[in-house]
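Working notes for the structure below.
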Amino acid sequence: MTAGLVTLVLACLPAYLLWRRLNLRAYRRAEDIGRRRRRHEWVLVALPLAAALLVDGLSEHWPVVVAVAYAVPLVPLTALAAVDRDVHRLPDRLTLPLAGLAVLVVAVASAATGDWSAAVRAVLSGTALAGILLVLLLASPGSGGLGLGDVKLSFGLGVLLGWFGWVVLFGGVCLAFLAASVWATALVVTRRATRRTAIAFGPFLALGTWLALLGA
Numbered sequence: 004m005t006a007g008l009v010t011l012v013l014a015c016l017p018a019y020l021l022w023r024r025l026n027l028r029a030y031r032r033a034e035d036i037g038r039r040r041r042r043h044e045w046v047l048v049a050l051p052l053a054a055a056l057l058v059d060g061l062s063e064h065w066p067v068v069v070a071v072a073y074a075v076p077l078v079p080l081t082a083l084a085a086v087d088r089d090v091h092r093l094p095d096r097l098t099l100p101l102a103g104l105a106v107l108v109v110a111v112a113s114a115a116t117g118d119w120s121a122a123v124r125a126v127l128s129g130t131a132l133a134g135i136l137l138v139l140l141l142a143s144p145g146s147g148g149l150g151l152g153d154v155k156l157s158f159g160l161g162v163l164l165g166w167f168g169w170v171v172l173f174g175g176v177c178l179a180f181l182a183a184s185v186w187a188t189a190l191v192v193t194r195r196a197t198r199r200t201a202i203a204f205g206p207f208l209a210l211g212t213w214l215a216l217l218g219a
């Protein structure tokens, strides 16, 4: 069995537990009562598949411990994407622990490879990405897409991407904005939204990060 196939099997349990947890809707607030409830069944397929593909891809060029370590943040990242998709909010109780987990992951990766300069670059990358998104948010507050939760999330994602280099970081960010733009355009063209309709950006940050890591 390949590392990816083993991961696919093992990731089914956390995917199921996450699905059960999300269905409790504990993240919803009073102001979310009238909001449409999004279903979370996609988590049961997306999380194991994403983890398996990531481990399989990374293990071709990096130690298996690095690949496995990078699969772990996919659990909270999937949770964040699901919550943001449902209520357009990224809770601090998920974004902040993810930031700490990202630092731990790159520390493990650096210990496995002996490249501690990559860990330093990773932290700088996370800081830079969060800073850039914060500037964009302050420059156009209430634009309907980017929010403070996205800024907080971006630090952890920047750390994870930055460990592999600035090119991977740039690629992940570009893919996130490209995916969000394509989705927003599709909604407008099909008249399911207008240019002023707010969309959840968190899922696209997660998608862009995952796609960039696949090619790392």
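Everything in the sequence shown is counted per this note's numbering, starting at 4 for the first residue and increasing by one. A virtual CB, placed ideally from N, CA and C, is assigned to each residue, including glycine.
- With a cutoff of 8 angstroms on beta-carbon distance, Leu181 and Ser128 are scored as not near each other.
- Taking a contact to require three or more Cβ pairs closer than 8 angstroms, the stretch 78-96 and the stretch 184-195 do not qualify as touching.
- Between His91 and Ala201, the gap from beta carbon to beta carbon is short of 8 angstroms.
- Assignment of Asp59 by DSSP, reduced to helix, strand and coil, places it in the helix class.
- In the three-state scheme derived from DSSP, where H, G and I count as helix and E and B as strand, Arg124 is classed as helix.
- When only Cα atoms are considered, Tyr73 and Leu137 end up about 25 angstroms apart.
- Ranking Gly152, Pro51, Asn26 by CA distance to the CA of Leu13 puts Pro51 first.
- The alpha-carbon separation between Leu61 and Pro79 amounts to approximately 19 angstroms.
- Per DSSP, Thr5 lies in no alpha helix (DSSP H) segment and is marked neither H nor E.
- When DSSP states are grouped into helix, strand and coil, Asp153 belongs to the helix group.
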